[in-house]
(Lines of atoms letter the chains of each structure in order from A; the text may use other names.)
(Lines give C-alpha, C1' and ligand atoms only; values in the text may rest on other atoms or scores of the structure.)
Protein backbone atom coordinates (compact mmCIF):
# COMPACT_ATOMS: atom_id res chain seq x y z
CA UNK A 51 0.00 0.00 0.00
CA UNK A 52 1.28 3.43 -0.92
CA UNK A 53 2.11 5.51 2.09
CA UNK A 54 3.21 9.13 2.22
CA UNK A 55 4.76 11.36 4.79
CA UNK A 56 3.83 15.01 4.65
CA UNK A 57 3.28 17.77 7.12
CA UNK A 58 5.48 19.77 9.40
CA UNK A 59 7.63 17.97 11.96
CA UNK A 60 9.93 19.57 14.48
CA UNK A 61 13.57 19.85 13.47
CA UNK A 62 15.64 17.18 15.23
CA UNK A 63 18.34 18.10 17.72
CA UNK A 64 21.32 17.18 15.56
CA UNK A 65 23.56 20.19 15.02
CA UNK A 66 25.52 19.45 11.87
CA UNK A 67 24.64 22.83 10.38
CA UNK A 68 22.50 21.87 7.42
CA UNK A 69 20.34 24.81 6.46
CA UNK A 70 17.06 24.31 4.66
CA UNK A 71 17.14 25.43 1.05
CA UNK A 72 15.69 28.84 0.37
CA UNK A 73 13.35 27.76 -2.40
CA UNK A 74 9.98 26.32 -1.45
CA UNK A 75 10.37 23.52 -3.98
CA UNK A 76 8.51 20.29 -3.33
CA UNK A 77 10.22 16.97 -3.99
CA UNK A 78 9.04 13.40 -4.21
CA UNK A 79 11.27 10.52 -3.06
CA UNK A 80 10.62 6.86 -3.85
CA UNK A 81 11.77 4.46 -1.12
CA UNK A 82 12.57 1.17 -2.87
CA UNK A 83 13.13 -1.06 0.16
CA UNK A 84 12.13 -4.43 1.64
CA UNK A 85 9.36 -3.86 4.14
CA UNK A 86 8.66 -7.59 4.53
CA UNK A 87 10.68 -10.79 4.52
CA UNK A 88 14.23 -11.64 5.58
CA UNK A 89 15.56 -8.09 5.14
CA UNK A 90 12.57 -6.14 6.47
CA UNK A 91 14.49 -4.90 9.51
CA UNK A 92 17.21 -3.53 7.23
CA UNK A 93 14.68 -1.60 5.18
CA UNK A 94 13.10 -0.15 8.31
CA UNK A 95 16.44 1.12 9.60
CA UNK A 96 17.32 2.73 6.25
CA UNK A 97 13.92 4.40 6.08
CA UNK A 98 14.21 5.77 9.61
CA UNK A 99 17.73 7.10 8.97
CA UNK A 100 16.55 8.92 5.85
CA UNK A 101 13.65 10.55 7.69
CA UNK A 102 16.00 11.65 10.48
CA UNK A 103 18.19 13.47 7.94
CA UNK A 104 15.15 15.28 6.54
CA UNK A 105 14.05 16.32 10.02
CA UNK A 106 17.53 17.58 10.82
CA UNK A 107 17.46 19.72 7.67
CA UNK A 108 13.94 21.03 8.34
CA UNK A 109 12.79 19.59 5.00
CA UNK A 110 10.08 17.13 6.01
CA UNK A 111 7.30 19.43 4.79
CA UNK A 112 9.02 19.82 1.41
CA UNK A 113 9.41 16.11 0.70
CA UNK A 114 6.78 13.51 -0.04
CA UNK A 115 7.94 9.92 0.46
CA UNK A 116 6.44 7.10 -1.56
CA UNK A 117 7.19 3.66 -0.10
CA UNK A 118 7.15 0.40 -2.06
CA UNK A 119 8.12 -3.10 -0.85
CA UNK A 120 10.65 -4.85 -3.11
CA UNK A 121 10.11 -8.16 -1.24
CA UNK A 122 13.82 -8.77 -2.07
CA UNK A 123 12.67 -10.00 -5.49
CA UNK A 124 14.20 -8.47 -8.66
CA UNK A 125 11.01 -8.65 -10.79
CA UNK A 126 8.98 -7.09 -7.99
CA UNK A 127 11.61 -4.41 -7.48
CA UNK A 128 11.57 -3.51 -11.17
CA UNK A 129 7.76 -3.35 -11.25
CA UNK A 130 7.69 -1.09 -8.18
CA UNK A 131 10.41 1.13 -9.68
CA UNK A 132 8.45 1.54 -12.91
CA UNK A 133 5.36 2.49 -10.89
CA UNK A 134 7.15 5.10 -8.81
CA UNK A 135 8.88 6.68 -11.81
CA UNK A 136 6.09 6.55 -14.38
CA UNK A 137 2.98 6.90 -12.18
CA UNK A 138 4.15 8.61 -9.00
CA UNK A 139 6.76 10.67 -10.88
CA UNK A 140 9.36 10.62 -8.12
CA UNK A 141 12.37 12.90 -8.42
CA UNK A 142 14.81 10.43 -6.88
CA UNK A 143 14.86 6.83 -5.67
CA UNK A 144 16.45 5.56 -2.44
CA UNK A 145 17.42 1.90 -2.01
CA UNK A 146 17.41 -0.98 -2.62
CA UNK A 147 18.79 -3.51 -0.12
CA UNK A 148 19.20 -6.43 -2.52
CA UNK A 149 21.99 -6.51 -5.12
CA UNK A 150 19.66 -8.51 -7.35
CA UNK A 151 17.03 -5.78 -7.24
CA UNK A 152 19.59 -3.10 -8.05
CA UNK A 153 20.77 -5.13 -11.03
CA UNK A 154 17.18 -5.49 -12.22
CA UNK A 155 16.41 -1.76 -12.09
CA UNK A 156 19.76 -0.53 -13.46
CA UNK A 157 18.77 -0.16 -17.11
CA UNK A 158 15.41 1.40 -16.31
CA UNK A 159 16.79 4.17 -14.09
CA UNK A 160 19.55 4.81 -16.61
CA UNK A 161 17.14 5.04 -19.55
CA UNK A 162 14.66 7.26 -17.69
CA UNK A 163 17.43 9.45 -16.21
CA UNK A 164 16.12 8.83 -12.70
CA UNK A 165 18.76 9.31 -9.98
CA UNK A 166 18.96 6.50 -7.43
CA UNK A 167 20.84 6.89 -4.15
CA UNK A 168 21.90 3.34 -3.38
CA UNK A 169 21.50 2.91 0.36
CA UNK A 170 22.54 -0.72 0.71
CA UNK A 171 22.88 -3.00 -2.34
CA UNK A 172 26.59 -3.66 -2.78
CA UNK A 173 26.88 -5.41 -6.15
CA UNK A 174 30.24 -4.41 -7.56
CA UNK A 175 28.96 -4.01 -11.12
CA UNK A 176 26.66 -1.12 -10.16
CA UNK A 177 29.68 1.13 -9.72
CA UNK A 178 31.86 -0.95 -12.04
CA UNK A 179 31.11 -2.22 -15.53
CA UNK A 180 27.39 -1.40 -15.20
CA UNK A 181 27.82 2.05 -13.69
CA UNK A 182 25.58 4.94 -14.67
CA UNK A 183 25.59 8.71 -14.10
CA UNK A 184 22.23 8.16 -12.39
CA UNK A 185 23.50 5.60 -9.84
CA UNK A 186 25.28 7.00 -6.78
CA UNK A 187 26.10 4.64 -3.94
CA UNK A 188 26.37 5.92 -0.35
CA UNK A 189 26.44 2.50 1.35
CA UNK A 190 29.32 0.22 0.30
CA UNK A 191 30.39 -2.16 -2.43
CA UNK A 192 30.67 -5.86 -1.69
CA UNK A 193 34.40 -5.81 -2.41
CA UNK A 194 35.00 -2.64 -0.38
CA UNK A 195 33.76 -4.15 2.90
CA UNK A 196 35.64 -7.45 2.60
CA UNK A 197 38.87 -6.71 0.78
CA UNK A 198 40.63 -5.09 3.80
CA UNK A 199 40.03 -8.18 5.93
CA UNK A 200 42.24 -10.37 3.72
CA UNK A 201 45.47 -8.59 4.59
CA UNK A 202 44.39 -7.85 8.18
CA UNK A 203 43.67 -11.51 9.02
CA UNK A 204 46.95 -12.63 7.48
CA UNK A 205 48.76 -10.02 9.58
CA UNK A 206 47.17 -11.57 12.70
CA UNK A 207 48.86 -14.88 11.92
CA UNK A 208 45.90 -16.61 10.26
CA UNK A 209 47.07 -18.79 7.38
CA UNK A 210 44.13 -21.05 6.44
CA UNK A 211 40.47 -20.04 6.08
CA UNK A 212 37.20 -21.78 5.17
CA UNK A 213 34.52 -19.49 3.66
CA UNK A 214 30.71 -19.60 3.69
CA UNK A 215 27.95 -17.36 2.35
CA UNK A 216 24.44 -17.52 0.87
CA UNK A 217 24.34 -18.46 -2.80
CA UNK A 218 23.44 -15.19 -4.52
CA UNK A 219 25.31 -12.27 -6.06
CA UNK A 220 26.22 -10.47 -2.83
CA UNK A 221 27.40 -13.65 -1.14
CA UNK A 222 29.70 -14.63 -3.98
CA UNK A 223 31.12 -11.14 -4.44
CA UNK A 224 31.78 -10.54 -0.76
CA UNK A 225 33.49 -13.88 -0.29
CA UNK A 226 35.37 -13.52 -3.58
CA UNK A 227 36.81 -10.13 -2.58
CA UNK A 228 38.00 -11.46 0.77
CA UNK A 229 39.44 -14.66 -0.71
CA UNK A 230 41.37 -12.81 -3.41
CA UNK A 231 42.88 -10.42 -0.85
CA UNK A 232 43.71 -13.20 1.62
CA UNK A 233 45.42 -15.29 -1.05
CA UNK A 234 47.31 -12.24 -2.32
CA UNK A 235 48.61 -11.74 1.22
CA UNK A 236 49.87 -15.33 1.30
CA UNK A 237 46.96 -17.18 2.90
CA UNK A 238 45.17 -20.32 1.73
CA UNK A 239 41.43 -20.92 1.25
CA UNK A 240 40.99 -24.57 2.29
CA UNK A 241 37.31 -24.81 1.33
CA UNK A 242 34.16 -22.85 0.60
CA UNK A 243 30.42 -23.35 0.63
CA UNK A 244 27.52 -21.32 -0.73
CA UNK A 245 24.30 -22.15 1.10
CA UNK A 246 20.82 -21.84 -0.46
CA UNK A 247 19.67 -18.25 0.04
CA UNK A 248 16.62 -17.62 2.23
CA UNK A 249 15.90 -21.35 2.62
CA UNK A 250 18.75 -22.67 4.78
CA UNK A 251 17.61 -23.30 8.34
CA UNK A 252 20.08 -25.99 9.39
CA UNK A 253 23.75 -25.08 8.89
CA UNK A 254 24.94 -28.29 10.56
CA UNK A 255 26.08 -30.13 7.39
CA UNK A 256 28.03 -27.07 6.22
CA UNK A 257 29.63 -26.59 9.63
CA UNK A 258 30.69 -30.23 9.62
CA UNK A 259 32.43 -29.72 6.28
CA UNK A 260 34.17 -26.62 7.61
CA UNK A 261 35.33 -28.48 10.70
CA UNK A 262 36.70 -31.32 8.59
CA UNK A 263 38.85 -28.83 6.65
CA UNK A 264 40.55 -27.86 9.94
CA UNK A 265 41.08 -24.14 9.14
CA UNK A 266 42.58 -21.51 11.41
CA UNK A 267 39.44 -19.41 10.88
CA UNK A 268 36.08 -19.38 9.15
CA UNK A 269 35.12 -16.27 7.15
CA UNK A 270 31.46 -15.65 6.26
CA UNK A 271 28.94 -13.23 4.89
CA UNK A 272 25.42 -13.50 6.29
CA UNK A 273 22.88 -10.80 7.11
CA UNK A 274 19.44 -10.48 8.67
CA UNK A 275 17.76 -13.58 10.08
CA UNK A 276 20.29 -15.81 8.33
CA UNK A 277 23.10 -14.16 10.31
CA UNK A 278 21.26 -14.76 13.59
CA UNK A 279 20.72 -18.43 12.81
CA UNK A 280 24.28 -18.95 11.59
CA UNK A 281 26.02 -17.32 14.56
CA UNK A 282 23.92 -19.26 17.06
CA UNK A 283 24.50 -22.57 15.28
CA UNK A 284 28.24 -21.91 14.87
CA UNK A 285 28.50 -21.48 18.63
CA UNK A 286 26.28 -24.47 19.43
CA UNK A 287 28.25 -26.67 17.04
CA UNK A 288 31.43 -25.83 18.95
CA UNK A 289 33.45 -24.91 15.87
CA UNK A 290 34.55 -21.69 17.57
CA UNK A 291 36.77 -23.79 19.85
CA UNK A 292 39.03 -24.68 16.92
CA UNK A 293 38.40 -21.96 14.32
CA UNK A 294 37.71 -18.30 15.10
CA UNK A 295 34.75 -16.76 13.29
CA UNK A 296 35.40 -13.71 11.12
CA UNK A 297 33.35 -12.09 8.40
CA UNK A 298 31.75 -9.16 6.75
CA UNK A 299 30.54 -7.18 9.76
CA UNK A 300 26.90 -7.66 8.77
CA UNK A 301 27.12 -11.05 10.49
CA UNK A 302 27.06 -9.31 13.90
CA UNK A 303 25.30 -6.09 12.95
CA UNK A 304 24.22 -3.88 15.87
CA UNK A 305 20.74 -4.20 14.39
CA UNK A 306 20.36 -7.81 15.52
CA UNK A 307 23.43 -8.73 17.59
CA UNK A 308 21.30 -8.84 20.75
CA UNK A 309 19.22 -11.59 19.13
CA UNK A 310 22.44 -13.57 18.62
CA UNK A 311 23.28 -13.22 22.29
CA UNK A 312 26.47 -14.64 23.85
CA UNK A 313 27.15 -16.62 20.65
CA UNK A 314 28.29 -13.37 19.01
CA UNK A 315 31.02 -12.65 21.57
CA UNK A 316 34.46 -12.90 19.99
CA UNK A 317 33.29 -12.69 16.38
CA UNK A 318 35.42 -10.23 14.37
CA UNK A 319 34.02 -8.32 11.40
CA UNK A 320 34.79 -5.52 8.99
CA UNK A 321 32.25 -2.77 8.43
CA UNK A 322 31.94 0.85 7.37
CA UNK A 323 30.17 1.89 10.57
CA UNK A 324 29.90 0.85 14.21
CA UNK A 325 27.97 2.89 16.79
CA UNK A 326 30.94 2.99 19.19
CA UNK A 327 33.05 5.25 16.97
CA UNK A 328 34.50 7.99 19.17
CA UNK A 329 33.83 11.11 17.10
CA UNK A 330 31.69 14.21 17.77
CA UNK A 331 29.56 13.53 14.68
CA UNK A 332 28.83 9.97 15.70
CA UNK A 333 28.09 10.80 19.33
CA UNK A 334 25.55 13.39 18.20
CA UNK A 335 24.03 10.92 15.75
CA UNK A 336 23.78 8.10 18.30
CA UNK A 337 22.08 10.42 20.78
CA UNK A 338 19.55 11.54 18.16
CA UNK A 339 18.71 7.97 17.10
CA UNK A 340 18.37 6.81 20.70
CA UNK A 341 16.11 9.75 21.49
CA UNK A 342 13.86 9.32 18.45
CA UNK A 343 13.79 5.54 18.02
CA UNK A 344 14.87 4.22 21.41
CA UNK A 345 17.74 2.13 20.11
CA UNK A 346 21.37 2.24 19.02
CA UNK A 347 21.85 2.96 15.28
CA UNK A 348 23.09 0.26 12.95
CA UNK A 349 25.07 0.56 9.73
CA UNK A 350 21.71 0.49 7.93
CA UNK A 351 20.50 3.51 9.92
CA UNK A 352 23.59 5.49 8.91
CA UNK A 353 23.22 4.39 5.29
CA UNK A 354 19.68 5.78 5.26
CA UNK A 355 20.83 8.91 7.05
CA UNK A 356 23.63 9.48 4.54
CA UNK A 357 21.22 8.91 1.66
CA UNK A 358 19.05 11.65 3.16
CA UNK A 359 22.01 13.88 3.89
CA UNK A 360 23.29 13.49 0.31
CA UNK A 361 19.84 14.35 -1.05
CA UNK A 362 19.67 17.43 1.20
CA UNK A 363 23.14 18.58 0.12
CA UNK A 364 22.17 18.15 -3.56
CA UNK A 365 19.06 20.29 -3.02
CA UNK A 366 21.11 22.91 -1.15
CA UNK A 367 23.35 23.19 -4.21
CA UNK A 368 20.35 24.40 -6.20
CA UNK A 369 19.20 21.17 -7.86
CA UNK A 370 15.50 21.39 -8.67
CA UNK A 371 14.89 18.49 -11.06
CA UNK A 372 16.04 14.92 -11.75
CA UNK A 373 18.93 15.83 -14.03
CA UNK A 374 20.26 18.48 -11.67
CA UNK A 375 19.99 16.13 -8.68
CA UNK A 376 21.87 13.42 -10.59
CA UNK A 377 24.69 15.85 -11.38
CA UNK A 378 24.87 17.23 -7.84
CA UNK A 379 24.93 13.95 -5.91
CA UNK A 380 28.47 12.86 -6.91
CA UNK A 381 29.89 16.20 -5.73
CA UNK A 382 28.68 15.78 -2.15
CA UNK A 383 31.29 15.32 0.61
CA UNK A 384 31.09 15.84 4.38
CA UNK A 385 31.92 14.20 7.70
CA UNK A 386 29.34 11.51 8.36
CA UNK A 387 28.75 9.66 11.64
CA UNK A 388 30.85 6.92 9.97
CA UNK A 389 33.73 9.35 9.25
CA UNK A 390 34.78 11.39 6.23
CA UNK A 391 32.86 10.40 3.07
CA UNK A 392 32.97 11.44 -0.55
CA UNK A 393 31.92 10.05 -3.92
CA UNK A 394 34.61 8.80 -6.31
CA UNK A 395 33.99 10.67 -9.61
CA UNK A 396 35.37 7.70 -11.55
CA UNK A 397 32.75 5.26 -10.25
CA UNK A 398 30.03 7.12 -8.28
CA UNK A 399 30.88 4.77 -5.38
CA UNK A 400 31.48 6.04 -1.85
CA UNK A 401 35.01 6.45 -0.48
CA UNK A 402 35.08 5.70 3.26
CA UNK A 403 36.87 4.08 6.19
CA UNK A 404 36.50 0.41 7.06
CA UNK A 405 36.42 -0.53 10.74
CA UNK A 406 37.50 -3.94 12.02
CA UNK A 407 35.73 -4.72 15.26
CA UNK A 408 35.15 -7.48 17.78
CA UNK A 409 31.82 -8.10 19.46
CA UNK A 410 32.37 -8.04 23.21
CA UNK A 411 30.36 -7.86 26.41
CA UNK A 412 30.41 -4.37 27.88
CA UNK A 413 30.67 -3.38 31.51
CA UNK A 414 26.87 -3.19 31.64
CA UNK A 415 26.57 -6.77 30.41
CA UNK A 416 25.25 -5.72 27.00
CA UNK A 417 26.92 -6.62 23.71
CA UNK A 418 28.95 -3.87 22.09
CA UNK A 419 31.58 -3.26 19.41
CA UNK A 420 35.28 -2.98 20.25
CA UNK A 421 37.30 -1.27 17.52
CA UNK A 422 40.47 -3.26 16.76
CA UNK A 423 41.59 -1.72 13.46
CA UNK A 424 40.83 1.00 10.89
CA UNK A 425 41.59 1.00 7.18
CA UNK A 426 41.17 4.57 5.95
CA UNK A 427 39.70 5.89 2.68
CA UNK A 428 38.92 2.54 1.07
CA UNK A 429 38.27 3.11 -2.63
CA UNK A 430 37.33 0.71 -5.41
CA UNK A 431 39.09 0.60 -8.76
CA UNK A 432 36.88 1.62 -11.73
CA UNK A 433 36.52 -2.04 -12.77
CA UNK A 434 35.24 -1.14 -16.20
CA UNK A 435 33.19 1.91 -15.17
CA UNK A 436 33.03 4.68 -17.76
CA UNK A 437 30.85 7.59 -16.68
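In my numbering, the protein residues as written are 51 to 437.
Don't be surprised by glycine CBs; every beta carbon is placed ideally from N, CA and C.
{"query": "Terminal residues of the beta strand (DSSP E) in which residue 91 lies", "result": "No beta strand (DSSP E) holds residue 91; the alpha helix (DSSP H) holding it covers 90 to 107."}
{"query": "N- and C-terminal bounds of the alpha helix (DSSP H) containing residue 332", "result": "330 to 343"}
{"query": "Per-residue burial, residue 106 [other beta carbons within 10 Å of its own, 16 or more giving buried]", "result": "buried"}
{"query": "Of the residues 295, 189, 279 and 132, the one placed nearest residue 158, counting alpha carbons only", "result": "132"}
{"query": "Rounded straight-line distance, which links the Cα of residue 312 to that of residue 353", "result": "27 Å"}
{"query": "Reduced DSSP category for residue 421 - H, G, I as helix; E, B as strand; rest coil", "result": "strand"}
{"query": "Rounded straight-line distance, which links the Cα of residue 367 to that of residue 315", "result": "45 Å"}
{"query": "Assumed close pair residue 387, residue 331 - CB separation to whole angstroms, cut-off 8 Å", "result": "5 Å"}
{"query": "Alpha helix (DSSP H) runs contained entirely in the stretch 155 to 243, provided each spans 4 or more residues", "result": "192 to 205 and 219 to 235"}
{"query": "Member of 142, 340 and 223 whose CA lies at the smallest distance from the CA of residue 95", "result": "340"}
{"query": "For residue 376 and residue 184, believed in contact at Cβ under 8 Å, the rounded distance", "result": "5 Å"}
{"query": "Residue 177 and residue 351 closer than 7 Å at C-beta", "result": "no"}
{"query": "Whole-number beta carbon distance between residue 147 and residue 104, since they are thought to touch under 8 Å", "result": "With a Cβ gap of about 20 Å, residue 104 and residue 147 do not count as contacting."}
{"query": "Nearest candidate by alpha-carbon position, reference residue 265, set 250, 254, 278 and 240", "result": "240"}
{"query": "Within 7 Å, strictly: CB atoms of residue 355 and residue 93", "result": "no"}
{"query": "Spatial neighbours of residue 358 in its chain, beta-carbon cut-off 6 Å, leaving aside the 5 residues before and after", "result": "100, 103 and 104"}
{"query": "Environment of residue 245 [buried if 16+ CB atoms lie within 10 Å]", "result": "buried"}
{"query": "Cβ pair residue 195, residue 320 closer than 7 Å", "result": "yes"}
{"query": "First through last residue of the beta strand (DSSP E) which encompasses residue 400", "result": "400 to 411"}
{"query": "Proximal residues to residue 227 (C-beta, below 7 Å), its chain only, five neighbours per side dropped", "result": "192, 193, 196 and 197"}
{"query": "Contact check, residue 424 vs residue 405, beta carbons under 7 Å", "result": "yes"}
{"query": "Exposure label - residue 182; buried when at least 16 CB within 10 Å", "result": "buried"}
{"query": "Pick from 251, 272 and 248 that is closest to residue 221, judged by C-alpha positions", "result": "272"}
{"query": "Close-in-space but distant-in-sequence residues of the same chain around residue 256 (CB under 7 Å, 5 per side omitted)", "result": "214, 243 and 245"}
{"query": "For residue 347 and residue 419, believed in contact at Cβ under 8 Å, the rounded distance", "result": "Not quite, the Cβ-Cβ distance comes to about 12 Å (not below 8 Å), so this is no contact."}
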